[in-house]
Every structure is written in structure tokens, then in C-alpha cells.
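At position 50 of the sequence shown the residue is numbered 1249 (this note's numbering), and the sequence of numbers has no breaks. Where is the CB? At the ideal position from N, CA and C, for every residue including glycine. Please read all numbers here as calculations on a predicted model, not as lab measurements. Heads up: the structure comes next, in C-alpha cells.
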Amino acid sequence: DIVSMGKSLHGNFIVDLKAFTTDMDLRDEHMKEKYLEVGKKDFNKATLAIGQDIANPIPANGSWEPNDLKGALTLHGITKEVP
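Below, the structure is given as C-alpha cells:
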């Protein structure tokens, strides 16, 4: 859920990596087992956490360009700041 409170934006996007597909079964298998290691505890989800002040409030119609929005991406047990 993403929540806008005036000039502040907070929320989390969570992706189930086990459900992620590329339409190529062999590539999906290698990506999930070898690189993402979704079978290991806590590696089966990726999370993008956003919590910051924004320069302009989001308009009521929802049409907004997040030019300088940053978040913390947790993937494979490691968290890094991303634009």
C-alpha cells in the first residue's frame, strides 16, 4: 500500500519472486534457483520501501511524475537505496 499524506509518501511494494516469470521455463528455473535462491528463507520476496517527503503533493487525479523519488530495495537479503 502507498499512502500520500500531503507532501509525504510512505508505503511498500512487495513482489513474490516465486511467482515472477519471464515466459521461458528454463530461464525462470535458473533465475529462481541459482540467482535469486527463492527456496532459502527470506529470499522469496523483494520489497521496495518508500518513505520520504516529496516536493509537490500528489494531485487528486493521481497524475504525478515521481522524478526524485527514492526507496530502499531489499532483494536477496540485501537492502540498497534506489532511485
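(request) Pair every Cβ in the stretch 1242-1251 with every Cβ in the stretch 1220-1229, then say whether three or more of these pairs are closer than 8 Å. (result) Output reads no: the stretch 1220-1229 does not touch the stretch 1242-1251.
(request) For residue 1270, write down the residues that DSSP places opposite it in a beta bridge. (result) Along the sequence shown, read from residue 1 onward, the residue named residue 1270 stands at position 71. Note: residue 1270 sits in a beta bridge opposite 1281.
(message) Nearest by alpha-carbon distance to residue 1270: which of 1276, 1251, 1242 is it?
(response) The residue labelled residue 1270 in the question sits at position 71 within the sequence shown. Checked all of 1276, 1251, 1242; the closest Cα to residue 1270 is 1251.
(request) Could you check the C-alpha separation between residue 1238 and residue 1211 for me, to the nearest Å? (result) Position 39 of the sequence shown, counting from 1, holds the residue named residue 1238. Position 12 of the sequence shown, counting from 1, holds the residue named residue 1211. Counting only the Cα atoms, residue 1211 lies some 22 Å from residue 1238.
(message) Just to confirm, is the Cβ distance from residue 1235 to residue 1208 under 7 Å?
(response) The residue labelled residue 1235 in the question sits at position 36 within the sequence shown. The residue labelled residue 1208 in the question sits at position 9 within the sequence shown. In this structure, residue 1208 does not lie closer than 7 Å to residue 1235 by Cβ.
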